[in-house]
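Down below is the structure, laid out as structure tokens.
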Amino acid sequence: MGTRLQRGLPEVTRFRSVLGHFCTGVTVVTGVSSGQPVGFACQAFAALSLDPPLVLFCPQRSSRSWAAIASAGHFCVNVLAESQRDVSAVFGRAGADKFSGISWSLSSTGAPVLDGALAWVDCTVSTVHDAGDHHVVIGRVVELGEPKNEAPLLFYRGRYAAMAELDDRGWPGEVLDNLLTWQRQSEWS
């Protein structure tokens with residue numbers, strides 16, 4: 014039986030522990046501010062809408078990198094490949110020149126696309142909502158990079174996790190396709 018939450022906030026450690034059981038991919042959100050590239054690692058990223066094409070991510074309200082990117086009005090979400098743990102570590106830290114030693118090019122909006130990214134999504138900022146100690150940023154997709162046929166970098170229970178070997182059925186599986194494209198939510202069971 015689960016633990017019921019009392020009035021007020023749950024214990025931070027328990028909250029992280031329970032929600033850490035939801036496996037996520039790892040992304041780096043990038044942009045340009047005053048002519049300089051900026052970016053940060055972000056695991057709170059998701060597809061939001063097919064029509065119009067929208068995505069969302071959730072930066073901390075205290076993030077200086079997000080504040081710099083927000084002022085430009087556009088950003089690129091770089092989905093990291095399993096081989097890019099070192100890139101995630103660099104962009105997961107505050108300060109320093111995160112782009113030093115990282116190869117990148119510019120998207121059509123002018124946001125950095127990291128070389129070796131599994132996929133990338135170039136967006137303009139559509140809406141920003143305050144949500145507790147984070148923002149919910151909704152971006153309108155303007156360009157998509159060609160995905161690579163590699164394993165994604167995953168984060169699970171507070172650490173990186175490797176994706177299991179793919180089976181003969183290939184990737185992605187039918188269930189995932191349905192979750193991303195299902196048009197009639199009333200038919201979900």
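To convert, count from 1 in the sequence shown and add 13; that's the numbering used here.
Beta carbons: idealized from backbone N, C-alpha and C, even for Gly.
Check	Outcome
Do Val-92 and Ala-60 have their C-beta atoms closer together than 7 Å?	no
Can you tell me whether Asp-143 is buried or exposed, with buried defined as 16 or more other CB within 10 angstroms of its CB?	exposed
Counting beta carbon pairs with one atom in the region 135-149 and one in the region 61-75, are three or more of them shorter than 8 Å?	yes
Do you know offhand how far Gly-108's Cα is from Asn-162's?	32 Å
If I follow the unbroken beta strand (DSSP E) through Ser-139, where does it start and stop?	132-144
Is the CB-CB distance between Ala-174 and Gly-105 below 7 Å?	no
What is the rounded straight-line gap between the Cα of Gly-158 and the Cα of Ser-120?	9 Å
Taking Phe-168 as part of the alpha helix (DSSP H), name the residues at either end of that continuous run.	Per DSSP, Phe-168 belongs to no alpha helix (DSSP H); it is in the beta strand (DSSP E), 167-169.
Fully enclosed by the region 21-95, which alpha helix (DSSP H) runs are 4 residues long or longer?	25-32, 77-85
Are the CB atoms of Ala-124 and His-87 nearer to each other than 7 Å?	yes
Tell me where the beta strand (DSSP E) around Ala-174 begins and ends.	172-174
When the cut-off is 7 Å and only beta carbons count, does Gly-152 lie next to chain D?	Absent here is chain D; the protein component of the structure consists of one chain.
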